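These notes are about the structure you will find just below.
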Amino acid sequence: DAGVIQSPRHEVTEMGQEVTLRCKPISGHDYLFWYRQTMMRGLELLIYFNNNVPIDDSGMPEDRFSAKMPNASFSTLKIQPSEPRDSAVYFCASSLPSRKLGHLYTGELFFGEGSRLTVL
Amino acid sequence: SQQGEEDPQALSIQEGENATMNCSYKTSINNLQWYRQNSGRGLVHLILIRSNEREKHSGRLRVTLDTSKKSSSLLITASRAADTASYFCATAGYGQNFVFGPGTRLSVLP
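The listed protein sequences correspond, in order, to chains A and C. Using the working numbering, you'd call the opening residue of the first sequence number -1 and step up by one each time. Using the working numbering, you'd call the opening residue of the second sequence number 12 and step up by one each time.
Here it is, written out as structure tokens:
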């Protein structure tokens, strides 16, 4: 398997422009996560999906951020309009929790290589 | 918040020495996981320990979990220069919202 694939790896844009980050999770994984990493705030969970449905978006910083998962193999994170404080590395991760005897056990996360966003 | 907090923030050791990193968290957990991140790369899963386990080994890695103290430690034995990276603990509750600590930057000097 190719792992979690993110694009673009690097994006430099100007303030006010729309940015779209893309993610292809590992085939068969039914959870997808978007994280943001900065020096100041570390790794922050923005949103996660289960079976393409957003479950928790409480980490999305504001209305300028939106995420979609139209199918099991693709997700986007959009920032419109972008601001310099959005500069960060954005990671997508997927997982397949194990299920035994009716219980859901949290599994490991598989991360993509990240999309480094710079907003000038 | 159930956020993990790693300690120390940075650690520098000589090749061949052991490296110990600690993680503390605040609420009940389903499991605790350790990840490594090389500079400019994504995080890579190292080891998972469940809340009913006390110790787990994987190669040169040893993880302990003390749920009464809400703490975990990661021991890397016989460190190598290639172990230089940032190490994060992540706590998972009974949902799927993993929360990561700020990480420990480990430098292994040849």
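Idealized CB from N, CA, C, for every residue including glycine. Because the structure is a prediction, the values reported are computed rather than measured.
Excluding residues up to 5 positions away in sequence, Ser62 lie with their Cβ nearer than 7 Å to the Cβ of Thr78 of chain C in the same chain. Closer than 8 Å at the C-beta level to chain C, one finds these residues of the stretch 40 to 58 of chain A: Gly40, Leu41, Leu43, Tyr46, Asn48, Ile53, Asp54. Residues of chain C with a Cβ closer than 9 Å to the Cβ of Glu111 of chain A are, in chain order, Gly51, Arg52, Gly53. In this structure, C:Phe99 is the residue among C:Ser84, C:Lys37, C:Phe99 with its C-alpha nearest to the C-alpha of His56 of chain C.
Per DSSP, reduced to three states, the secondary structure at Arg83 of chain A is helical. Burial state of Gln20 of chain C is exposed, judged by a 10 Å Cβ sphere holding fewer than 16 other Cβ atoms. Annotation for Arg114 of chain A: His8, Val87 place their beta carbon closer than 6 Å to its own, counting only its chain and skipping 5 residues before and after.
Ranked by Cα distance from Gly114 of chain C, the options A:Thr36, A:Glu16, A:Cys21, A:Gln78 are led by A:Thr36. For Phe89 of chain A, the closest Cβ of chain C is nearer than 7 Å. Here Pro23 of chain A is buried. Its C-beta has 16 or more other C-beta atoms within 10 Å. Under DSSP, Ile53 of chain A forms no beta bridge with any residue. For the 7 Å CB-CB criterion, Val119 of chain C and Thr95 of chain C form a contact.
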